[in-house]
Amino acid sequence: MSDTTAPVLWAEAEGIALGALRADLAREYWRWESDPGAVLGYGRQVPESPESRAEGLEHQLRGAPDQARFTVYDVRGSEPTPCGLASLLIDHQVRTAEFILVVAPEARGQGVGTVATRLTLDYAFHVIGLEMVWLKVLEPNTAGRNAYAKAGFREVGTMRSAGQWKGRRCGEVVMDAVPEDFPGPSVVVGADG
0 MSDTTAPVLW
10 AEAEGIALGA
20 LRADLAREYW
30 RWESDPGAVL
40 GYGRQVPESP
50 ESRAEGLEHQ
60 LRGAPDQARF
70 TVYDVRGSEP
80 TPCGLASLLI
90 DHQVRTAEFI
100 LVVAPEARGQ
110 GVGTVATRLT
120 LDYAFHVIGL
130 EMVWLKVLEP
140 NTAGRNAYAK
150 AGFREVGTMR
160 SAGQWKGRRC
170 GEVVMDAVPE
180 DFPGPSVVVG
190 ADG
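Per numbering that gives the first Met the number 0, residue 0 is the first one in the sequence shown, and the count goes up by one each step.
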């Protein structure tokens with residue numbers, strides 16, 4: 000990566016960092032989200048087209064006020080390597096947000112999801128002052144459920160028969176995190192914040 004495309008990193012912990020969405024990564028975002036593992040994790044039946052994803056990214060880059068979206072980077076090597084997307088879909092009236100995470104296929108199983116989730120919760124609670132962040136994860140997705148639990152989410156219920164996993168109906172587990180349960184300290188705000 001050249002100096003002209005070096006990302007600005009907003010928060011970093013354990014070799015993982017969060018930075019801004021980037022137009023030049025549209026094809027990578029689409030590749031990660033269209034990977035069969037990600038499609039399965041979302042419970043979707045078909046992947047999105049690259050054109051549709053590029054159009055959606057254009058909207059996201061314009062800065063929708065109800066969204067905080069981040070590129071996840073692996074910074075353990077000599078250069079930051081994009082390896083995922085983390086999103087907060089914010090409901091400003093009740094100061095909550097839905098959390099969505101996509102990890103590149105080649106970065107799965109390395110703890111990237113747990114750390115990226117923790118960093119996003121840090122931002123949610125310490126920067127924008129949300130009162131609760133929630134997510135839905137398909138019941139058979141034990142790796143995802145475990146990563147979210149390690150990051151500070153708790154399971155609060157299951158919506159029965161609300162999703163699809165490998166062609167079969169399954170439940171969607173609802174998990175939430177609140178500032179009181181967040182396993183800080185904040186790396187975004189720092190020790191003095």
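From the three backbone atoms N, C-alpha and C, an ideal C-beta is built for every residue, glycine too.
Residues sharing a beta bridge with residue i, DSSP
| i | result |
| --- | --- |
| residue 164 | 167 |
| residue 72 | 16, 81 |
| residue 98 | 87 |
| residue 8 | 18 |
| residue 153 | 175 |
| residue 67 | 87 |
Extent of the continuous beta strand (DSSP E) run through residue i
| i | result |
| --- | --- |
| residue 181 | First-last for residue 181: undefined, no H or E at that position. |
| residue 134 | 131-137 |
For residue i, the first and last residue of its enclosing alpha helix (DSSP H)
| i | result |
| --- | --- |
| residue 33 | 25-33 |
| residue 110 | Taken as a continuous stretch (DSSP letters only), residue 110 belongs to no alpha helix (DSSP H), as it is neither H nor E. |
Nonlocal neighbours in the same chain, by C-beta distance under 6 Å from residue i, ignoring five residues either side
| i | result |
| --- | --- |
| residue 164 | 137, 139 |
| residue 79 | 6, 72 |
| residue 75 | 14 |
Cut-off 8 Å between Cβ atoms - residues of its own chain near residue i, not counting five sequence neighbours on either side
| i | result |
| --- | --- |
| residue 171 | 42, 135, 136, 137, 138, 157, 158, 161, 162 |
| residue 31 | 37, 83, 84, 101, 102, 103, 104 |
| residue 191 | Confidence at residue 191 is low in this model, with a pLDDT of 49, below 50, so the placement of that residue should be treated as unreliable; the coordinate-derived value is given next. Correct list: empty, nothing qualifies. |
Rounded distance between the beta-carbons of residue j and residue i, thought under 8 Å
| i | j | result |
| --- | --- | --- |
| residue 129 | residue 12 | Not really, about 19 Å apart at Cβ, beyond 8 Å. |
| residue 65 | residue 99 | About 13 Å; that fails the 8 Å criterion. |
| residue 185 | residue 125 | 4 Å |
Within-8 Å CB hit, residue i to chain C
| i | result |
| --- | --- |
| residue 10 | As a matter of chain content, chain C is missing from the structure shown, which is built from one protein chain. |
Sequence-distant residues of the same chain with beta carbon closer than 7 Å to residue i, five excluded per side
| i | result |
| --- | --- |
| residue 96 | 87, 88, 89, 90, 123, 129, 132 |
| residue 120 | 132, 150, 151, 176, 181 |
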